[in-house]
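The structure appears below as structure tokens.
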Amino acid sequence: KEKKTVTCMDNQSNVTGFVASTLPEIKMLLDETLVSASDRQHHPFGDIIYGVPISTSKLPAIVQLQQQFEQAGGTPSNPNPRIHVIVDHVEQLLAIERFSLRNHDNLD
Numbered sequence: 019k020e021k022k023t024v025t026c027m028d029n030q031s032n033v034t035g036f037v038a039s040t041l042p043e044i045k046m047l048l049d050e051t052l053v054s055a056s057d058r059q060h061h062p063f064g065d066i067i068y069g070v071p072i073s074t075s076k077l078p079a080i081v082q083l084q085q086q087f088e089q090a091g092g093t094p095s096n097p098n099p100r101i102h103v104i105v106d107h108v109e110q111l112l113a114i115e116r117f118s119l120r121n122h123d124n125l126d
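Numbering follows the working numbering, in which position 7 of the sequence shown is assigned residue number 25; successive positions increment by one, without gaps.
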């Protein structure tokens, strides 16, 4: 399997976030930027959008990736990095709320 390489923009760019369609893409993006962030104070971006409607089975992985993202830090203009999810039905919102209450996670 061929390894993909993500090249992040330098601090001069206007890129503030990325859209990903799979959790492995988000993990790869975070892994690559954590390596490159060793030369910088922060990630080159502060937001990731998980660009497909969220399912409850993905919530634990999203929380884990969010914690990794927060530990790495954000950008000077966005010091609180976030992974955003798409909710396209009220049942998804209710499932996220139940998950959050059950796991004491702050999913803002």
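C-beta atoms are modelled at their ideal positions from N, C-alpha and C, and glycine is treated no differently.
Within the same chain, no Cβ atom closer than 7 Å to the Cβ of E109 is found once the five residues on either side in sequence are excluded.
Under the three-state reduction of DSSP output, I72 falls in the coil class, being neither helix nor strand.
Checking the DSSP bridge columns, you'll see D65 partnered with G35 and R100. Beyond the five residues adjoining it in sequence on each side, E88 comes within less than 7 Å, by CB distance, of P99 in the same chain, given in chain order. Spanning the alpha carbons of F63 and G91 requires a straight line of approximately 9 Å. Excluding its 5 nearest sequence neighbours in each direction, T74 has C-beta neighbours in its own chain below 6 Å: A113, listed in chain order. With fewer than 16 other CB atoms across the displayed protein chains lying within 10 angstroms of its CB, I104 is exposed.
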